[in-house]
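Just so it is clear: in the sequence shown, position 405 is 405 by full-length UniProt numbering, and no numbers are missing.
Here is the structure we will look at, set down as structure tokens.
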Amino acid sequence: MRRSNAPTKLDNPIKRLREIGNDSDPLLKKYKVPIPGYRGSLFQRRLGTCGSIIKKPLYDPTVENALILYKPIEMSEHEKLITSKDKIKVHVVCDPRLTKYLRPHQREGVKFMYDCVTGSKIENNFGCIMADEMGLGKTLQCITLIWTLLRQSPDTGPYIKLCLIICPSSLIKNWSNEFTKWLPGLIGTIDVDAGNKTKVDNNLKKFTNQRFTSRTSYPVLIISYETLRSHIAVLKNIELDLMICDEGHRLKNKENLTYKSLTSLRVRQKILLSATPVQNDLLEYFSLINFVNTGILGESSEFKKKYEIPIQRGREREASEKEKIKGEERRRELIGIVEKCMIRRTQALLTQYLPVKVEMVVCCEMTDIQKSVYEGLINYSNVDLNSSKVSAKQLSLIMQLRKVCNHPKLVYDYILSLKCLDLKNIFPNGFQNTTNVNPHYSGKLNTLAGLLKYTKMSTDDRFVIVSNFTQTLDLLEQFCREHEYICIRLDGTMTSKKRAKVVKMFNDKNENVFIMMLSSKAGGCGLNLIGGNRLVLFDPDWNPANDDQAAARIWRDGQKKISYIYRFVATGSIDEKIFERQQHKKSLSKSIIDTEGDLGIEDLERIYSSTELRKLFKSVKKTISETHDSLNCKRCVNSIQVSKPPDDATCELPLSKWNHYSDKKYLRDVMIKQSWGNGISFVFEQVSHYRQIVTI
């Protein structure tokens, strides 16, 4: 008789055993070599096909849109057979999760930085300067590079282990958030700002101790310049792999403590980020280049003799033809060296991604009381204008004149302290008893009052108002409260956490905020204020880089509206002289690569001749624009524009290529047109690029 449990067809015997057996059946247990303590061979060899030992790149270099940073030399099959496996290189390909967001200029930037820090650009030099203008995504480019170097190299292993990022304290949180945004949960950072010494030191040791471990959980340290300088002893004896210095123009003086502290660190690869590498003079430029690649421009004395002096002389109005030729030759020679380790792209690249930006220089006529106070201060000061040396008295007078240009109320207490009856009597009766801010005493404030009024009535646009003086911000804030304009403020007194909260509030379209008051020094670095699309620079900075940094806060990624930048200057005053000096500095910067803070005595002596210095203390000039007068404009007749700028002119070009308006008829911005009668005497105007501008 046939057994009922016999298989009717061929079955897998192991499967059959499982059906009829149990887990304790010896036939079902995994085979174990019967040798006591046996763990297998070193390479865990198994019977059958040998495991692959062929080196492969981390990401496929053949896929569409792959960003390849290193491409090995192609080898024939025979060459591969006779070459040691250790010497075979692989492609270095950026992580696709990042490259899909990179724009063409950002891909180029990542490749450039990789070539520099790996020594491909300049033999035995491993540093570079990323000098892109504001808003071009320097942070994302750096994160892409860091992530690539931490995970791969031509030898398949990581190229670096520890990365140090140094930045202003206000940007620490921003860097940390950017890593979280682009690489969520994939990379650990240690963020260190000022605090308890023991806690800071412990965090630094937590970072440095990873040098001696096989696993690196927190490969990136983000720290402020000030904190690093105070705790440099913890880091200086540890070998670091990559150092990135954000807002790197802080290192323009090789004699300052920060510069010396950073150069004491044991790090070979260095990247310096700065949208404004040339600010005041070429020796500062030398310091930055020398920081990332020591010695490629020689010693500072050699650089000054070979490059700085000839280039500066060749740019002077009185330069001979021979000096101009020599200056141009040295300029080209300098560019030839520097372009190997510095990359710079301008905001012109943003035109394909952002709405139009309209920039205006608004000349505001001073009121009678402003002019009287201004001239009274000059006459009373008894400043020695014939001295070749700058005095503290001159610096004080400059500060007071700048304040008068904003509003005479800002110097009232100072004038009382002088106990000069003639100066005090300039002010109308009852002035000291007035608690309200009267815009009619100031040409600039009266213009701003009209601009805010008409914008609030007609649009949902928001303003950012920037000033170099906290006293001016106080006055503007009071003015806003009196007119029931909801405003918030960001200045240097705030913690990083408080700043982040204020910025988030301003950018939230559901918040009922109309104006952000911004301190130029506190708000010039890294802030994204795209919640506003109109920005007023209420007073010019000595350093054009500070103004440009502040102006870039609204015209950047994420901005959906047409942006308007207004640079206010008091007509015929020290404001215009400072602004003219800005234009000179910009032309120097552009000639090489395409004073941070208030000026001191040495700064004034360096950038102003004694003749130019005397001009700062002249009475208010009777004109509609001293800046326009200085251009000797051939497109205007009696200050009326009769010939338009070139069709392709943009706001990147000098003022001579802008529109020059002595009346409101052709102004693009309806709001400034409606405010013309509030005290505007002249407007320079230009756009970032030419798309149709829809005006309201």
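Don't be surprised by glycine CBs; every beta carbon is placed ideally from N, CA and C.
Keep in mind it's a predicted model, so treat the numbers as computed, not measured.
Neighbour-count burial assignment, residue 207, 16 or more Cβ in a 10 Å radius:
Indexing the sequence shown from 1 puts residue 207 at position 207. The residue is buried, with at least 16 neighbouring Cβ atoms inside 10 Å.
At least three beta-carbon pairs within less than 8 Å, the segment 214-232 to the segment 175-187:
Under the 8 Å Cβ criterion, the segment 214-232 counts as touching the segment 175-187, having at least three qualifying pairs.
Put residue 500 into one of helix, strand or coil per three-state DSSP.
For the purposes of this step, residue 500 is taken as residue 500 along the sequence shown, with counting starting at 1. The answer is helix: DSSP assigns residue 500 an H, G or I state.
Say the cut is 7 Å; is the CB of residue 441 nearer than that to a heavy atom of the ligand GTP?
Absence of the ligand GTP from the depicted structure is noted, as is the absence of any ligand whatsoever, leaving it without description.
When the Cα atoms are used, what is the spatial distance from residue 84 to residue 152?
The residue you call residue 84 lines up with position 84 of the sequence shown. The residue you call residue 152 lines up with position 152 of the sequence shown. Straight-line measurement puts the Cα of residue 152 at about 20 Å from the Cα of residue 84.
So residue 571 and residue 363 are supposed to be a Cβ contact under 8 Å. How far apart are they, rounded?
Taking the first residue of the sequence shown as position 1, residue 571 is located at position 571. Taking the first residue of the sequence shown as position 1, residue 363 is located at position 363. The pair is a contact, with the Cβ atoms about 5 Å apart (cut-off 8 Å).
Can you name, in chain order, every residue of its own chain whose Cβ lies under 6 Å from the Cβ of residue 44, other than the five neighbours on each side?
Locating residue 44 in the sequence shown gives position 44, counting from the first residue. In this prediction, residue 44 has a pLDDT of 44, which is less than 50 and means its spatial position is unreliable; what the coordinates show is noted afterwards. Sequence-distant partners of residue 44 (beyond 5 residues in either direction) whose C-beta falls short of 6 Å from its own C-beta are missing from its chain.
Local conformation of residue 527 per DSSP, three classes
Counting from 1 along the sequence shown, the entry for residue 527 is found at position 527. In the displayed model, residue 527 falls within coil according to three-state DSSP, outside both helix and strand.
Sequence-distant residues of its chain with Cβ nearer than 7 Å to residue 286 (five each side left out):
In the sequence shown, residue 286 corresponds to position 286, counting from 1. Only residues of its own chain outside the window of five on either side were considered, and among them 297, 300, 303 have a CB closer than 7 Å to the CB of residue 286, listed in chain order.
In this structure, what does DSSP give as the bridge partners for residue 576?
On the sequence shown, position 576 is the one that residue 576 refers to. Paired residues: none, contrary to the question.
Tell me which residues share the same chain as residue 159 and place their Cβ nearer than 6 Å to its Cβ, disregarding the 5 neighbours each side in the sequence.
Residue numbering aside, residue 159 sits at position 159 when the sequence shown is read from its first letter. The beta carbon of residue 159 lies closer than 6 Å to those of 149, 153 in the same chain, with the five residues before and after it left out.
Look at residue 537 and residue 566 and say whether their C-beta atoms are less than 8 Å apart.
Here residue 537 corresponds to residue number 537 of the sequence shown, with the count starting at 1. Here residue 566 corresponds to residue number 566 of the sequence shown, with the count starting at 1. Contact annotation: residue 537 and residue 566 have beta-carbon atoms nearer than 8 Å.
According to DSSP, is residue 698 part of a helix, a strand, or is it coil?
Outside the displayed span of the chain (1 to 696) sits residue 698, for which this structure offers no information.
Quick check: the Cα distance between residue 630 and residue 659, rounded to an integer number of angstroms?
Taking the sequence shown and counting its residues from 1, one reaches residue 630 at position 630. Taking the sequence shown and counting its residues from 1, one reaches residue 659 at position 659. Rounded to the nearest whole angstrom, the C-alpha separation of residue 630 and residue 659 is 15 Å.
Could you check if residue 678 is buried or exposed, using at least 16 other CB atoms within 10 Å of its CB as the buried criterion?
The count along the sequence shown starts at 1 and reaches residue 678 at position 678. Under this definition residue 678 is a buried residue.
Distance between residue 418 and residue 330 (C-alpha atoms, nearest Å)
Taking the sequence shown and counting its residues from 1, one reaches residue 330 at position 330. Taking the sequence shown and counting its residues from 1, one reaches residue 418 at position 418. Each residue's alpha carbon lies about 51 Å from the other.
Would you say residue 105 and residue 345 are within 8 Å of each other, going by their C-beta atoms?
Mapped onto the sequence shown, residue 105 falls at position 105. Mapped onto the sequence shown, residue 345 falls at position 345. In contact: residue 105 and residue 345 (Cβ atoms closer than 8 Å).
Below 8 Å between beta carbons: does that hold for residue 233 and residue 652?
Locating residue 233 in the sequence shown gives position 233, counting from the first residue. Locating residue 652 in the sequence shown gives position 652, counting from the first residue. No.
For residue 598, which three-state DSSP category applies?
Taking the sequence shown and counting its residues from 1, one reaches residue 598 at position 598. Since pLDDT at residue 598 reaches only 48, below the 50 mark, its modelled position is unreliable, and the value read off the structure follows with that caveat. Residue 598: coil per DSSP, three-state reduction.
Any idea which residues DSSP pairs residue 189 with across the strands?
One-based indexing of the sequence shown puts residue 189 at position 189. According to DSSP, which records beta bridges pairwise, residue 189 is partnered with 220.
Spatial neighbours of residue 316 in its chain, beta-carbon cut-off 7 Å, leaving aside the 5 residues before and after
Residue 316 sits at position 316 when you count from the first residue of the sequence shown. Around residue 316: no qualifying Cβ.
Thinking residue 240 and residue 265 are a contact (beta carbons under 8 Å), I'd like their distance in whole angstroms, please.
By one-based count along the sequence shown, residue 240 stands at place 240. By one-based count along the sequence shown, residue 265 stands at place 265. The Cβ separation is near 6 Å, so the contact holds.
Could you tell me how far apart the beta carbons of residue 535 and residue 464 are, in whole angstroms, since I believe they sit closer than 8 Å?
On the sequence shown, residue 535 is found 535 positions in, with the first residue counted as 1. On the sequence shown, residue 464 is found 464 positions in, with the first residue counted as 1. Contact between residue 535 and residue 464 holds: CB atoms are separated by about 4 Å, below the 8 Å threshold.
Limits of the unbroken beta strand (DSSP E) element including residue 133
Within the sequence shown, numbered from 1, the residue matching residue 133 stands at position 133. No beta strand (DSSP E) holds residue 133; DSSP gives it neither H nor E.
Does the distance from the CB of residue 270 to the CB of residue 216 come in under 8 Å?
Taking the first residue of the sequence shown as 1, we reach residue 270 at position 270. Taking the first residue of the sequence shown as 1, we reach residue 216 at position 216. The beta carbons of residue 270 and residue 216 sit no closer together than 8 Å.
First through last residue of the beta strand (DSSP E) which encompasses residue 233
Taking the sequence shown and counting its residues from 1, the one referred to as residue 233 is at position 233. Careful: residue 233 lies outside any beta strand (DSSP E), inside the alpha helix (DSSP H) at 232-235.
Within a Cβ cutoff of 6 Å, which residues of the same chain sit near residue 191, ignoring the five residues on either side of it in sequence?
Translated into positions along the sequence shown, residue 191 becomes position 191. Cβ neighbours of residue 191 beyond the five flanking positions: 172, 176, 222.
Near residue 290, which residues of its chain fall below 8 Å by C-beta distance, leaving aside the five closest residues on each side in sequence?
The residue labelled residue 290 in the question sits at position 290 within the sequence shown. So the list reads 254, 296, 297, 300, once near-sequence residues are dropped.
Compute the Euclidean distance between the alpha carbons of residue 145 and residue 94, then round it to the nearest angstrom.
On the sequence shown, residue 145 is found 145 positions in, with the first residue counted as 1. On the sequence shown, residue 94 is found 94 positions in, with the first residue counted as 1. When rounded, the distance between both Cα atoms is 8 Å.
Taking DSSP as the reference, what is the three-state secondary structure of residue 51?
If you number the sequence shown from 1, residue 51 lands on position 51. The pLDDT assigned to residue 51 is 47, lower than 50, so where the model puts this residue is not dependable; a value taken from the coordinates is nonetheless given after this. Coil, per DSSP.
Measuring straight from C-alpha to C-alpha, what distance separates residue 510 and residue 497?
Counting from 1 along the sequence shown, the entry for residue 510 is found at position 510. Counting from 1 along the sequence shown, the entry for residue 497 is found at position 497. Using only the alpha carbons, I get a separation of about 21 Å.
Can you find the residues in the same chain that come closer than 6 Å, C-beta to C-beta, to residue 683, ignoring five residues on each side of it along the sequence?
As a first step, residue 683 is located in the sequence shown; it is residue number 683 there, counting from the start. Once the five neighbours on either side are set aside, the close Cβ partners of residue 683 are 360, 362, 661.
Which residues DSSP lists as bridging residue 568, in chain order
Start at 1 with the first residue of the sequence shown, and residue 568 comes out as number 568. For residue 568, which the question treats as bridged, DSSP gives the partners 362.
Answer with yes or no whether the minimum CB distance from residue 618 to chain C is below 8 Å.
Included in the structure is just one protein chain, with no chain C present.
Own chain partners of residue 514 with C-beta closer than 7 Å, once the 5 adjacent residues on each side are dropped
Numbered from 1 along the sequence shown, position 514 holds the residue referred to as residue 514. Only 456, 462, 463, 485, 486, 487 meet the Cβ criterion.
Would residue 505 and residue 476 qualify as a contact pair, given that the criterion is a beta-carbon distance under 8 Å?
Taking the first residue of the sequence shown as 1, we reach residue 505 at position 505. Taking the first residue of the sequence shown as 1, we reach residue 476 at position 476. It is not a contact, given that the beta carbons lie outside the stated cut-off.
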